[in-house]
Amino acid sequence: MTLEEAELAYRRLAGIRDRLARKLLTEIESHDGLRHLTDHRLAGHTLRLWRELQADIVLLGTQYQALERHVGTVEALRARGDRSGVARLARLSDLLHSPTVRLRADGTPAGDTTDPVAETITLDALCERVEALGDGIRARLQDVDVAAKAVLTRLGALADALSALAAQPPAHDDLVERYRHLRALALDDPIGWAADERELSGLEADVADARAVLDSTREVARAAGERIDTLRAAIEAVDAAEAHAETTRARASRKVTGGDPEPAAGQGPALRAAVADLERHRTARRWPEVTAGLAAVERAAAAAVAAAADRAAAAQALLDRRDQLRGRLDGYRAKAGRLGIDERTELAAAYRTAREQLWKAPCDLDAAAGAVWRYQDLVATRPRHDGGAKR
Numbered sequence: 023m024t025l026e027e028a029e030l031a032y033r034r035l036a037g038i039r040d041r042l043a044r045k046l047l048t049e050i051e052s053h054d055g056l057r058h059l060t061d062h063r064l065a066g067h068t069l070r071l072w073r074e075l076q077a078d079i080v081l082l083g084t085q086y087q088a089l090e091r092h093v094g095t096v097e098a099l100r101a102r103g104d105r106s107g108v109a110r111l112a113r114l115s116d117l118l119h120s121p122t123v124r125l126r127a128d129g130t131p132a133g134d135t136t137d138p139v140a141e142t143i144t145l146d147a148l149c150e151r152v153e154a155l156g157d158g159i160r161a162r163l164q165d166v167d168v169a170a171k172a173v174l175t176r177l178g179a180l181a182d183a184l185s186a187l188a189a190q191p192p193a194h195d196d197l198v199e200r201y202r203h204l205r206a207l208a209l210d211d212p213i214g215w216a217a218d219e220r221e222l223s224g225l226e227a228d229v230a231d232a233r234a235v236l237d238s239t240r241e242v243a244r245a246a247g248e249r250i251d252t253l254r255a256a257i258e259a260v261d262a263a264e265a266h267a268e269t270t271r272a273r274a275s276r277k278v279t280g281g282d283p284e285p286a287a288g289q290g291p292a293l294r295a296a297v298a299d300l301e302r303h304r305t306a307r308r309w310p311e312v313t314a315g316l317a318a319v320e321r322a323a324a325a326a327v328a329a330a331a332d333r334a335a336a337a338q339a340l341l342d343r344r345d346q347l348r349g350r351l352d353g354y355r356a357k358a359g360r361l362g363i364d365e366r367t368e369l370a371a372a373y374r375t376a377r378e379q380l381w382k383a384p385c386d387l388d389a390a391a392g393a394v395w396r397y398q399d400l401v402a403t404r405p406r407h408d409g410g411a412k413r
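Residue numbers (my numbering): 23 to 413.
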């Protein structure tokens, strides 16, 4: 080996040493994964990984220190004055290319000559081992960092959700306590949580359910005033429908028998009392009671309007039935006239009876209907007058 070749070999080796030093400093010593491992009380999978990493980090440090010592020896020999010394050149060649690094069985550099040596390797081989060991350590630190940040991201979302829950009653102390417990467990063993996250997923589901209830409650609170105002208008509609039903019922009761003789009890007072209860629940922020009460009163108001409409229709049907019977009687009276039999004693008497039934107040619909049907039957079955019209 010439001095120029030795110089080139040294510079290459020094460059590798400096690169490895930067990797140790920036990629391992300042790694977020290492910071997590040293900042938390570890457990489970992560604790086992950390114990393995600690041994490898110690080994990496001793191997790098051995590299520094050997490169320092080369530098010292290189700096000597006699640049043409054959002995110095031979020693440089030996240090740079020959197996001079003595290692124990566990990979740590051997000390004095009494240390048991498992193998002797070159400086290039030592550089390769330091770099491979550093890459393995960095990869495992990255696993820790990725798992920890994933857990922290989910825990951060949970913390935000719990903060939103805390802003509205009821309190969710149980969820908060579970969060604190699981946060400690997850940060102490992020690798374990990456493998088994059932508890964290369960808490996320429970918090999501609580948020859904809160969102629903907020919607109830936002819409409660509007729905109560709408209910008040609906109660006015109930009053109007019941008033119309009572007017129709009273008119039918005066004019016909067989209808509803008594007015129905109005639902307005009970509905207004229910709305007053809703207002009290709303003021006290008892939203479940507000939600249930709103639905119940809305159903009751709708049912009251429908019932009033049914009562009005039933009463009007009685009046319509009377008018239909009057129309039928008049129609058969006209037919009897066309047949020339309207003045016959039996027919005239039957007509008078039916008309009296239909035009008296109140009209007995059953009796009137019977009288009309009797007159109709007489008209249909009596022969025509000899001078009557021929059809």
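Cβ coordinates follow ideal geometry from the N, Cα and C atoms, glycine included.
Computed from a prediction, not measured in an experiment: that's the story for all the values here.
From residue i to residue j, what does the alpha carbon distance come to, in whole angstroms?
i	j	result
T144	D128	17 Å
R100	A154	28 Å
E378	R348	11 Å
D195	A208	20 Å
A98	R110	11 Å
T68	A230	29 Å
V401	L340	26 Å
L35	A183	55 Å
G290	W309	24 Å
R162	A246	56 Å
A376	L361	19 Å
T367	R374	11 Å
G410	D345	Residue confidence for G410 is low, a pLDDT of 43 falling below 50, so the modelled location carries little weight; the figure read from the coordinates is stated next. Approximately 29 Å between the Cα atoms of the pair.
A324	A330	10 Å
E26	V152	27 Å
E199	A306	27 Å
A172	P212	8 Å
R205	S185	15 Å
R355	A390	15 Å
P121	L148	10 Å
A28	G94	15 Å
H266	D399	38 Å
L253	E320	7 Å
L316	A335	29 Å
Y201	G224	11 Å
R343	A326	26 Å
L180	E311	29 Å
Taking the continuous beta strand (DSSP E) assigned at residue i, which residues delimit it?
i	result
E74	It is not in any beta strand (DSSP E) - E74 instead sits in the alpha helix (DSSP H) that spans G66 to R100.
E365	No beta strand (DSSP E) holds E365; DSSP gives it neither H nor E.
Going by the beta-carbon positions, is the gap between residue i and residue j smaller than 8 Å?
i	j	result
A372	R396	yes
I250	R294	no
L187	R233	yes
Y32	V108	no
Could you spell out where the alpha helix (DSSP H) holding residue i opens and where it closes?
i	result
L351	W309 to L361
V444	Past the boundaries of the shown model lies residue 444; the chain is included only from 23 to 413, so the question cannot be answered.
I38	L25 to R44
T403	L387 to T403
I250	R220 to K277
T142	Careful: T142 lies outside any alpha helix (DSSP H), inside the beta strand (DSSP E) at E141 to I143.
P384	Neither: P384 is in no alpha helix (DSSP H) and is coded neither H nor E.
E301	G290 to T305
G55	D54 to D61
D116	V108 to H119
Quiz item: Would you say the region 36-56 touches the region 78-87, given that touching needs at least three Cβ pairs under 8 Å?
Solution: yes
Quiz prompt | In chain order, each beta strand (DSSP E) run of at least 3 residues that lies wholly inside the region 150-211 | solution = none
Quiz item: Per the contact definition of three or more C-beta pairs closer than 8 Å, is the region 113-133 in contact with the region 47-58?
Solution: no
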